[in-house]
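Enquirer:
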Amino acid sequence: MSHPVTRETRSQGLNRLRQETFDVLILGGGINGAGVLRDLTLRSKCAGVALKAALVEKHHFASGTSGKNSQLIHGGLRYLKYLEFRLVREALRERSTLLEIAPHLVRPLPFLIPMFDWFSSFFYGTGLWLYDALAGARNIARHRRLSRDEVLVLEPRISSKGLVAGALFFDCAVHSARFVLENIFEAVGNGGVAVNYVESEERVRDNGVWKITLRDTLSGERFETRARKLVDARGPWAESGPLRLVRGSHLIFPRIGSSDHAIAHFDEQGRIIFLIPWGTHRQLTLVGTTDVDHTGSPDDVRISPDEISYLLNIIRRLYPDARNLQPISSYSSLRPLVRDESDSATSTSREHRIWNSPEGILHIAGGKYTTYRSMSEEAADLVTKEIAPALTSVHVTAQTPLPRTPIPQTPEAAVRQAVNSEMAQRLTDALLISSYLGYEHRWTAESLAPYAQLMGSLLGWDARRQREEAEALEQLISVPEAACGD
Ligand SMILES: Cc1cc2nc3c(=O)[nH]c(=O)nc-3n(C[C@H](O)[C@H](O)[C@H](O)COP(=O)(O)OP(=O)(O)OC[C@H]3O[C@@H](n4cnc5c(N)ncnc54)[C@H](O)[C@@H]3O)c2cc1C
84 MSHPVTRETR
94 SQGLNRLRQE
104 TFDVLILGGG
114 INGAGVLRDL
124 TLRSKCAGVA
134 LKAALVEKHH
144 FASGTSGKNS
154 QLIHGGLRYL
164 KYLEFRLVRE
174 ALRERSTLLE
184 IAPHLVRPLP
194 FLIPMFDWFS
204 SFFYGTGLWL
214 YDALAGARNI
224 ARHRRLSRDE
234 VLVLEPRISS
244 KGLVAGALFF
254 DCAVHSARFV
264 LENIFEAVGN
274 GGVAVNYVES
284 EERVRDNGVW
294 KITLRDTLSG
304 ERFETRARKL
314 VDARGPWAES
324 GPLRLVRGSH
334 LIFPRIGSSD
344 HAIAHFDEQG
354 RIIFLIPWGT
364 HRQLTLVGTT
374 DVDHTGSPDD
384 VRISPDEISY
394 LLNIIRRLYP
404 DARNLQPISS
414 YSSLRPLVRD
424 ESDSATSTSR
434 EHRIWNSPEG
444 ILHIAGGKYT
454 TYRSMSEEAA
464 DLVTKEIAPA
474 LTSVHVTAQT
484 PLPRTPIPQT
494 PEAAVRQAVN
504 SEMAQRLTDA
514 LLISSYLGYE
524 HRWTAESLAP
534 YAQLMGSLLG
544 WDARRQREEA
554 EALEQLISVP
564 EAACGD
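Per this note's numbering, the very first residue in the sequence shown carries number 84; after that it's consecutive.
(1) Can you tell me where the beta strand (DSSP E) holding lysine 294 begins and where it ends?
(2) Can you check the segment 112-150 for any beta strand (DSSP E) of at least 3 residues that lies completely inside it and give the ranges in chain order?
(3) Looking at the unbroken beta strand (DSSP E) that takes in methionine 571, where does it start and where does it end?
(4) According to DSSP, simplified to helix, strand and coil, what is alanine 513?
(5) Taking a contact to mean a Cβ-Cβ separation below 8 Å, would you say leucine 246 touches phenylalanine 199 in this structure?
(6) Compare the Cα-Cα distances from valine 234 to each of Ile346, Arg305 and Ser415 and report the closest residue.
(7) Give me the Cα-Cα distance between aspartate 315 and valine 479, rounded to the nearest whole angstrom.
(8) With 16 other CB atoms within 10 Å as the buried threshold, where does proline 472 fall?
(9) Helix, strand or coil for serine 203 per DSSP?
(10) Checking the sheet assignment: what are the DSSP bridge partners for proline 419?
(11) Of the choices Asp545, Arg525 and Ser540, whose alpha-carbon is the least far from that of proline 563?
(12) Does ligand 1 have even one heavy atom less than 7 Å from the beta-carbon of glycine 331?
(13) Over the uninterrupted alpha helix (DSSP H) stretch that includes glycine 362, give me the two end residues.
(14) Any contact between the segment 536-554 and the segment 379-396? By contact I mean 3 or more CB pairs, one from each, below 8 Å.
(15) What is the rounded straight-line gap between the Cα of leucine 369 and the Cα of leucine 394?
(16) Can you find a heavy atom of ligand 1 that lies under 7 Å from the Cβ of glutamine 154?
(17) By the three-class DSSP mapping on this structure, what secondary structure does threonine 209 have?
(18) Using a Cβ-Cβ cut-off of 6 Å (strictly less than) and excluding sequence neighbours within five positions of alanine 260, which residues of its own chain qualify?
(19) Return the bridge partner residues of glycine 539 from the DSSP annotation.
(20) Please report the residue range of the beta strand (DSSP E) in which leucine 313 lies.
(21) Starting from alanine 347 and walking both ways along the beta strand (DSSP E), at which residues does that stretch end?
Next comes the structure, spelled out in structure tokens:
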């Protein structure tokens, strides 16, 4: 089958948004919006029942939390501490499903937990036993306890001071931005409309139909579209609902550890920090995350000096011989958590909520990337119950493999692929979403110039626009220098 997205897909989608009345319009192209669009279009195709579904995203797909997270498909070992057994069981079940439907993007990853006291060894050992028991399905290996010596054989440079034992367990790594894109591409191939760089603004309901003002954020043009049902999947940007915004940041370093295992470390408060082998050739280490209440605009999310110090101190504790720890790049994003009574950002529940507001908009919020498929299915059940009851019991996303588009390996390939078949409009779309190559070097506007020029030649940018695109990417990945001193 030819690729469903071409360079014309965006303008064709804009025309359809202007002209048609949709059954469903989804606001937000993160994993939850993409998942609901995939689910609805797949139901419609498999059951042969027409359903017009569309999605608008104000930047590029996956430009929010869904492309800037810890890149894990996991049960969430740490949630066991908060007795969130239901969430962990659901996430582990979904981990197994996603391994089946997207083995090209979701791959098992071994994690080493070094333990520095006997209480932790007992506590986390019991947690891992429970984790395996909750996983049920067996398409991933069980955990194994390790002696102190075995830990040091696996990871010779890890701190031996106070080290008493360790454990090895398995979760999965994912290319989380590309995974969102593949949900979108499949949905477009099945007749859905997905348009990036379109922001939803005001809406009114008239005779059972929503009239929504949309703004093309590239041209500034405003126009109206119509839909019978609205789904709000705007994550941290949703204006209604009991959301608490918690910032999480990651730093990217040249490879820190020696083995291909990720390290899972619990800090004094019991927060888990991951050091994950990362990058095109696993030549890097992704370190995160933090948990800080975010009070500013969701459009302005950057790592703070305190977060940098916190992550650096953990690396130094684990690898005392690590020298010259200069991060290559960073990214930060927001957890849109459902507000509860917890006073700490770390302990606020990751459970999701899907609800119809009094005006009849379906909201999908909270949860984890890992559980997006089951959340999307629940949301699509509610939508179809209202507007297409024949589709309510059609559950097909867990059995249908996602498309396999290659992950580009060079910046040039990323630019060409992103422009030609992934609706990319900005340099950041090609280098931070279609691929993560933009995080792999300390890029400067100068070193990015050839790729800005290439993208400019494909999209008709003048020299000034090319420079602005390169500067914008440099700005996005940069790490405040002052906070990194050794
Ligand atoms: C630091 C961090 C690490 C995490 N790590 C993991 C992990 O490893 N594994 C895991 O399972 N979960 C993880 N999570 C949780 C997971 O990433 C989120 O739950 C999930 O990505 C939320 O997806 P979303 O679609 O709801 O939101 P988003 O991805 O933020 O998508 C919302 C989208 O809506 C768009 N939008 C906003 N306003 C408008 C508008 N008016 N019109 C059109 N579009 C609009 C935004 O641009 C955005 O793209 C992590 C979260 C954080 C913060």
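Glycine included, C-beta positions come from ideal geometry on N, C-alpha and C.
Expert: Taking the structure as given:
(1) Looking up residue 294 in the sequence shown gives position 211. 292-299 is the extent of the beta strand (DSSP E) around lysine 294.
(2) 136-140
(3) The chain is shown only over 84 to 569; residue 571 falls outside these bounds and no answer can be derived.
(4) Within the sequence shown, numbered from 1, the residue matching residue 513 stands at position 430. Three-state DSSP puts alanine 513 in a helix.
(5) Sequence index remark: in the sequence shown, residue 246 carries index 163 (1-based). Sequence index remark: in the sequence shown, residue 199 carries index 116 (1-based). For leucine 246 and phenylalanine 199, yes; Cβs fall inside 8 Å.
(6) Mapped onto the sequence shown, residue 234 falls at position 151. With distances taken between Cα atoms, valine 234 lies closest to Ile346.
(7) Stepping through the sequence shown from its first residue, residue 315 is reached at position 232. Stepping through the sequence shown from its first residue, residue 479 is reached at position 396. Looking at the two C-alpha atoms, the distance is approximately 22 Å.
(8) Position 389 of the sequence shown holds residue 472. Proline 472 comes out exposed.
(9) By one-based count along the sequence shown, residue 203 stands at place 120. DSSP places serine 203 in helix when its eight states are reduced to three.
(10) If you number the sequence shown from 1, residue 419 lands on position 336. Leu328, per the DSSP bridge assignment.
(11) Residue numbering aside, residue 563 sits at position 480 when the sequence shown is read from its first letter. Closest option to proline 563, Cα to Cα, is Arg525.
(12) Looking up residue 331 in the sequence shown gives position 248. Yes, the beta carbon of glycine 331 sits closer than 7 Å to at least one heavy atom of ligand 1.
(13) Sequence index remark: in the sequence shown, residue 362 carries index 279 (1-based). No alpha helix (DSSP H) holds glycine 362; DSSP gives it neither H nor E.
(14) no
(15) Within the sequence shown, residue 369 is the residue found at index 286, counting from 1. Within the sequence shown, residue 394 is the residue found at index 311, counting from 1. One C-alpha to the other measures close to 11 Å.
(16) Reading the sequence shown from its first residue, position 71 is the one you call residue 154. At least one heavy atom of ligand 1 is nearer than 7 Å to the Cβ of glutamine 154, so yes.
(17) The sequence position of residue 209 within the sequence shown is 126, counting from 1. DSSP places threonine 209 in helix when its eight states are reduced to three.
(18) As a first step, residue 260 is located in the sequence shown; it is residue number 177 there, counting from the start. Taken in chain order, the residues that qualify are Ala145, Gly150 and Ile516.
(19) The residue labelled residue 539 in the question sits at position 456 within the sequence shown. For glycine 539, which the question treats as bridged, DSSP gives no partner whatsoever.
(20) Position 230 of the sequence shown, counted from the first residue, corresponds to residue 313. 305-315 is the span of the beta strand (DSSP E), which, as asked, contains leucine 313.
(21) What you label residue 347 is simply residue 264 of the sequence shown in a count that begins at 1. Counting along the chain, the beta strand (DSSP E) containing alanine 347 begins and ends at 345-349.
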